[in-house]
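Worksheet for the structure shown next.
Protein chains: 2
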Amino acid sequence: MENTLESILPFWKNLSDEEKQTVTNKAMYVNQKKGTLIHTSSSECLGLMCVIKGRVRVFINSQNGSEITLYRLLDHDVCVLSASCMMKNLNFSVNMETEEDTNFVIIPKNVYQSLDENNIFVKNYTLSLVNERFSDTMWVLNQYVFSNMAKRLADALLLHMSLTGSDELTITHEMLARDLGTAREVITRLLKQFQADNFVLLSRGKIKILDSKKLLKI
Amino acid sequence: MENTLESILPFWKNLSDEEKQTVTNKAMYVNQKKGTLIHTSSSECLGLMCVIKGRVRVFINSQNGSEITLYRLLDHDVCVLSASCMMKNLNFSVNMETEEDTNFVIIPKNVYQSLDENNIFVKNYTLSLVNERFSDTMWVLNQYVFSNMAKRLADALLLHMSLTGSDELTITHEMLARDLGTAREVITRLLKQFQADNFVLLSRGKIKILDSKKLLKI
DNA sequence: ATACTAATGTGATAATATCACAGAAAAGTT
DNA sequence: AACTTTTCTGTGATATTATCACATTAGTAT
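Right, here's the structure in full:
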């Protein structure tokens with residue numbers, strides 16, 4: 109456990125031996141299957157979630173089921189919003205679901221809170237995490253407000269390409285729609301267009317990227 | 109100056125006498141006329157801007173001129189994003205313009221930075237400010253993605269009503285459009301609709317709210 | 001009174017969202 | 001294999017919102 113925490117938390121070396129001990133004892137391993145909703149607007153405060161290995165999508169949703177993705181957590185990413193309950197003036201909530209089988213370490217709320225209050229390095233880290241997520245969210249807002257759907261879809265395809273490191277994406281139109289906050293039909297029609305233009309090759313549940321340069325230029 | 113700072117900055121009482129002295133000496137009064145662009149994406153880092161009296165609109169914009177408002181700063185509000193340059197992992201930029209004649213105090217970047225590094229109360233305050241702006245921005249994203257334009261416009265009218273404390277708004281369709289990230293014509297048409305429904309009474313440069321309850325229910 | 005500017009009005013068209021299905025492909029069942 | 005069921009994709013019709021292009025009107029300045 110200690111090695112795991114050390115590799116994920118940049119402030120580890122700045123903790124006292126006593127602090128290290130406490131965190132190590134109280135932190136818990138959690139394993140979740142792909143497709144699990146691990147946090148919702150209504151769920152209680154977990155504490156700090158550290159992804160060891162896997163992928164988590166963080167998104168907001170509306171009453172009638174539509175959603176938009178804010179950002180993703182990958183190996184060694186830490187989710188500060190899961191700990192939002194302990195943060196002053198942070199008044200919104202998000203949902204999280206695993207997109208792969210995912211291993212976490214969870215540092216309970218009160219343990220992290222005490223670290224954050226007593227250790228300046230932890231506090232620095234918390235702020236930089238919030239900043240990072242704020243930046244990601246601003247990117248989404250910018251794209252949503254100022255870009256057209258074709259450009260946003262092209263960007264989303266390129267993002268998934270870099271996430272998986274493959275030009276053969278295993279993804280449905282529905283999933284892309286939920287990333288971008290639009291309807292599935294809109295994605296279907298645009299992808300058909302992209303295929304007609306020879307940017308991609310479509311098959312059920314898969315999208316092969318044929319020309320990423322042209323996608324980038326949209 | 110000292111009284112001003114004390115009334116705006118909640119951490120003032122937690123500063124050492126030396127810190128107080130430094131800040132008091134280095135802080136500057138600035139006065140800007142209504143309608144001044146006081147910060148843009150490209151402008152340099154100012155430091156911490158504290159509004160003494162006035163109103164500032166914080167917004168993002170695109171190349172082709174459209175914009176959307178993120179939040180407003182009122183009396184005694186403090187803008188962290190003007191000091192974003194000194195914050196790790198905060199990678200986006202905003203614009204700010206005064207909507208009234210506005211008095212600020214500006215604490216220079218390096219002075220605030222040093223406070224933030226050395227004083228835990230300042231650091232707490234910085235984080236809570238970022239959280240607050242993040243929350244405001246999430247509200248905007250939520251509205252933009254999940255609400256229709258009529259609802260968003262109704263909310264914007266109610267917001268301006270509470271901002272000014274009057275049911276007679278001095279505001280143009282153009283300004284509302286820039287708040288909501290849409291085109292002026294869209295606002296014009298919706299307002300006509302609202303007037304036909306007897307929710308508002310329109311005249312050049314003014315909107316009188318006739319039925320705020322019905323607006324709220326949209 | 002005249003010219004100018006800012007604000008508003010409006011038609012036409014394009015882009016996107018929404019609704020309501022239909023059909024195809026894969027997965028599960030008997 | 002033959003079937004049922006589920007998931008994914010395709011598509012027309014319509015509503016909403018965005019964009020473009022310009023006309024009109026209300027205030028302001030000369």
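Residue numbers (this note's numbering), protein chains in the order written: chain A, 109 to 326; chain B, 109 to 326.
All C-beta atoms, glycine included, are put in the ideal place defined by N, C-alpha and C.
query: Drop a sphere of 10 angstroms on the beta-carbon of Met378(B), count the other beta-carbons inside from all chains shown, and report buried for 16 or more, exposed for fewer.; result: This structure cannot speak to residue 378(B), because chain B is shown only from 109 to 326.
query: At a Cβ cut of 8 Å, what residues of the stretch 237-257 of chain B count as close to chain A, listed as they run along the chain?; result: Leu237, Val238, Asn239, Glu240, Arg241, Phe242, Ser243, Thr245, Met246, Trp247, Val248, Leu249, Asn250, Tyr252, Val253 and Phe254
query: Could you say which of Asp275(B), Leu145(B) and Asp224(B) lies nearest to Ile317(B) if we only look at CA atoms?; result: Asp275(B)
query: If Ile228(B) sits next to Lys134(B), beta carbons under 8 Å apart, how far is it from one beta carbon to the other, in whole angstroms?; result: In fact, because the Cβ distance is near 21 Å, the residues do not count as touching under 8 Å.
query: If we cut at 8 Å on Cβ distances, does Lys325(A) have a partner in chain B?; result: no
query: Kindly indicate the opening and closing residues of the beta strand (DSSP E) around Asn122(B).; result: Segment: none, Asn122(B) is in no beta strand (DSSP E) and carries neither H nor E.
query: For Leu198(B), which residues in chain A fall below 7 Å Cβ to Cβ?; result: Asn239, Phe242 and Ser243
query: Alpha carbon to alpha carbon, how far is Met136(B) from Asp125(B)?; result: 19 Å
query: Is any heavy atom in the ligand MG found nearer than 7 Å to the beta carbon of Leu181(B)?; result: Although the ligand MG was asked about, the structure shown includes no ligands whatsoever.
query: Under DSSP, the alpha helix (DSSP H) around Thr290(B) begins and ends at which residues?; result: Taken as a continuous stretch (DSSP letters only), Thr290(B) belongs to no alpha helix (DSSP H), as it is neither H nor E.
query: Examine chain B for any beta-carbon lying closer than 8 Å to the beta-carbon of Thr234(A), and answer yes or no.; result: yes
query: Indicate whether Gln140(B) and Thr206(B) have their beta-carbon atoms separated by less than 8 Å.; result: yes
query: Residue range of the alpha helix (DSSP H) that Phe254(B) falls in?; result: Ile228 to Phe254
query: Below 7 Å on C-beta distance, what does Ser174(A) contact in chain B?; result: Phe254
query: Note the first and the last residue of the continuous beta strand (DSSP E) segment covering Lys161(B).; result: Gly155 to Lys161
query: Listed from N- to C-terminal order along the chain, which residues in the stretch 143-175 of chain B have their beta-carbon within a distance smaller than 7 Å of any beta-carbon of chain A?; result: Ile168, Ser170 and Ser174
query: What's the C-alpha gap between Met194(B) and Leu277(A)?; result: 39 Å
query: Is the stretch 165-174 of chain A close to the stretch 113-129 of chain A, with three or more CB pairs under 8 Å?; result: no
query: For the beta strand (DSSP E) containing Glu175(B), name the first residue and the last one.; result: Glu175 to Leu181
query: For a cutoff of 8 Å on Cβ pairs, would you count Met195(A) as touching chain B?; result: yes
query: Identify whether Gln171(A) lies in helix, strand or coil by the three-state DSSP scheme.; result: coil
query: Rank Arg180(B), Asp209(B), Ser150(B) and Leu237(B) by C-alpha distance to the C-alpha of Leu198(A) and give the top, closest one.; result: Leu237(B)
query: What are the residues of the stretch 286-301 of chain B that lie near chain A, defined by any Cβ-Cβ distance shorter than 9 Å?; result: Gly289
query: If you drop the 5 nearest sequence neighbours on each side, which residues of the same chain put their C-beta closer than 6 Å to that of Gln251(B)?; result: Arg260
query: Distance check for Val253(A) and Asn203(B), CA to CA, integer angstroms please.; result: 16 Å
query: Taking C-beta pairs closer than 8 Å, name the residues in chain A that Lys231(B) reaches, listed in chain order.; result: Ile228, Lys231, Asn232 and Leu235
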